[in-house]
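*Asks:* To convert, note that position 113 of the sequence shown is 113 in this note's numbering; the numbers rise steadily by one, no gaps.
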Amino acid sequence: MHISRRQIAIALVVALLLGAHTVRADEPTPNREETWQSLALRGQRIGYGHLIETRETRDGKAVIRTDMRVHTVMKRFDGKLTLIIEQQVSEDAAGNLQDFTFRLDNPPASHMEMTGRVVGQVLELQTVAGGKTTETKLPFEGELPSPVFVDRMLEESPLAKNESRVVSLFDPQLGAIASVKATGRGPAEFELPSGAKQRGTHAVVEFLSGIPGLSIDCYFDASGDSVLNESPLLGTTTWNVTREEALAEIPADIDIGLSALIRVSDFPRSPRPESITYRIALPDGIPDSLIPEAATQRVERVDDHTVDVTVASIRPQALPDESTAKATTDPTYLASTAMAKSDDDAIVRLAREAAPEDAASSVVAVALEKRVHTWLNRKNMSTNLATASEVVRSREGDCTEHAVLLTALLRARKIPARTVVGLVYWGEYSAFAGHAWAEAWLNGRWVPLDATQAQGGIGVDHIKLGDSSLADGDAGMIAASVSTWRLLDKAQIEIVSPAKESR
């Protein structure tokens, strides 16, 4: 029997936007196998993973059930961030998904639970977040492998060197169907975190969709068991340990905020320019999709590793008359979703109070930006992606909570909106850091609004990397966070040319 350990590596990476033979808590039985793992970020322990695989019979048919728990504790600037992921997956003997339950807890701030079951060629999903329930149906063609299928495939049917297989599967951590490519790298010698060296085989798992850009290096011992998983993203590592080692006290010494900053010198202080050009370099190359063109920024390639990004300031108050505005035809950006439940009574009430009903959209947008800024009266770094319904009641959070609540409030006032992920210059540290803000569709264009600053739009200190409609099953936030961490991990940013200064 083989147990699916790559899921812990994925959970470790996702949660951040998640010996020689398998060491078990007890001896495996023919129908049950258990594994404990330690989780590390840049060489420092931040948590543990626990997996139990059980083989049982339901209605005379073989069923494989995998239970996973991931627990991480980290510092983020002045806050302590705790994330707990629990997942139960049932699949048939061929690896096809039957049902699942997925829970994400960020105590005490937020709790999200998603359940799903396959009925014919439809995956029926129910999401409970912020005390609100949403139901969706996801049709699919052919078979739908479970999220742990690839793990079992790699162990039971090892890939030859340079052999590749592509699988489309449902991943509860994304809430969507993702395309995954596994490629064999052949024999390998690798070193475990304990310092012990081992010989075995190496394979790479890459997300082609869902979280494009995320890859995981999987190492197997001579018996074919997975013993080590590494991701270049932030230097995350998972490896097999005893139960006692996994549950040992977590020091929580690593600060994922301070360790992920891009230092920049000579940033213009005051007055701020109306536009500025940044030169961004990444040693392993910058793909075209990493930094998008947007209403506020233009991207010009310098070479394979370098781009120039020119960012311009846009203020809602300076937009042309609304009578010439072009309406967005995509209803997604007005929809009430589990993350941005714009029909929540508390959200509707707060949105209504911010500005008169007959006010222009640009006036409403700026008023909502300011309202979120004052409404969240407990700014902290201990909250991670709470829903708008949770935030409007708790009145606490960081940039993500400001952005998600603002997105929901804008939609409550019938203004199309989405949430953006990228970088912002942080004067206190003279560096760029990961950040989130919102965009509103005003006067025929997407206009950024940052409720953490509440300045009526944004200046040139924001670099956009991606956006999300916050729709159920939309992995845009996670994908954009992957892009953000790729830059925070290794990028260099220098200022090429500040332009005309604002008056």
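We put the beta carbon where it would ideally sit given N, CA and C, even for glycine.
1) Does the distance from the C-beta atom of V89 to that of S146 stay below 8 Å?
2) Ordered along the chain, which non-local residues of its own chain (more than five positions away) have a Cβ less than 6 Å from that of A471?
3) For A203, which residues in the same chain have their Cβ closer than 7 Å to its Cβ, ignoring the five residues on either side in sequence?
4) So is T82 buried or exposed if we call it buried at 16+ other beta carbons inside 10 Å?
5) Indicate the three-state DSSP secondary structure (helix, strand or coil) for R352 in the structure shown.
6) Alpha carbon to alpha carbon, how far is A431 from L488? Give it in angstroms, no decimals.
7) With DSSP as the reference, identify every bridge partner of L214, one or two as the case may be.
8) Write down the C-beta distance between N229 and I216 rounded to the nearest angstrom, noting that I regard them as a contact closer than 8 Å.
9) Give me the Cα-Cα distance between R418 and K161, rounded to the nearest whole angstrom.
10) How about A451 and L406: are their beta carbons less than 8 Å apart?
11) With a threshold of 8 Å, are at least 3 pairs of Cβ atoms found where one atom belongs to the stretch 413 to 429 and the other to the stretch 451 to 466?
12) Work out the CA separation of M114 and S497 for me, nearest whole Å.
13) Tell me whether V482 is buried or exposed, calling it buried when 16 or more other Cβ atoms sit within 10 Å of its Cβ.
14) L410 and T400 - do their beta-carbons sit closer together than 8 Å?
15) From I314 to P448, what distance separates their C-alpha atoms?
16) Starting from the C-beta of A62, find all residues in its chain whose C-beta is less than 6 Å away, skip the five residues before and the five after it, and write them out in chain order.
17) Compute the Euclidean distance between the alpha carbons of G142 and P283, then round it to the nearest angstrom.
18) Looking at the structure shown, is S194 part of a helix, part of a strand, or coil, going by DSSP?
19) Using DSSP bridges, identify the partner residues of L208.
20) Tell me, to the nearest whole angstrom, how far the beta carbon of E494 is from that of R279; I am working on the premise that it is less than 8 Å.
21) CA-CA distance, W485 and R378?
22) Could you give the DSSP three-state label for L247: helix, strand or coil?
23) Could you check where the alpha helix (DSSP H) with V372 kicks off and where it finishes?
24) Alpha helix (DSSP H) containing A408: first to last residue?
25) How long is the line joining the alpha carbons of R76 and D255, rounded to whole angstroms?
26) Rounded to whole angstroms, what is the Cα-Cα separation between A260 and A40?
27) Cα separation between E163 and Q126?
28) Quick one, are the C-beta atoms of A176 and F207 less than 8 Å apart?
29) By Cβ distance, which residues of its chain are closer than 8 Å to L376, with the 5 residues on each side in sequence left out?
30) Give the straight-line distance between the Cα atoms of Q198 and P139, rounded to the nearest whole angstrom.
31) Buried or exposed: T374, going by 16 or more other Cβ atoms within 10 Å of its Cβ?
32) Exposed or buried, which one is R301 when buried takes at least 16 other CB atoms within 10 Å?
33) Please list, in chain order, all residues of the same chain as E191 whose beta carbon is under 6 Å from its beta carbon, the five residues on each side excluded.
34) Mapping the DSSP letters down to three states, classify I478 as helix, strand or coil.
35) List the DSSP bridge partners of Q173.
36) Identify, in the order they occur along the chain, each residue of the same chain with its Cβ nearer than 6 Å to the Cβ of A351, setting aside the five sequence neighbours on each side.
*Replies:* To lay it out plainly:
1) yes
2) T332, T337
3) L154, L159, A182, T183, G184, R185, C218
4) buried
5) helix
6) 10 Å
7) In DSSP, L214 forms no bridge with anything.
8) 6 Å
9) 43 Å
10) yes
11) yes
12) 47 Å
13) buried
14) no
15) 7 Å
16) A93
17) 41 Å
18) coil
19) Its beta-bridge partners do not exist; DSSP assigns none.
20) 5 Å
21) 26 Å
22) coil
23) 361 to 375
24) 399 to 412
25) 5 Å
26) 15 Å
27) 37 Å
28) no
29) V391, R395, E396, G397, E401, H402, L405, A451
30) 44 Å
31) exposed
32) exposed
33) K197
34) helix
35) Per DSSP, none; premise fails for Q173.
36) L409, A412, R413
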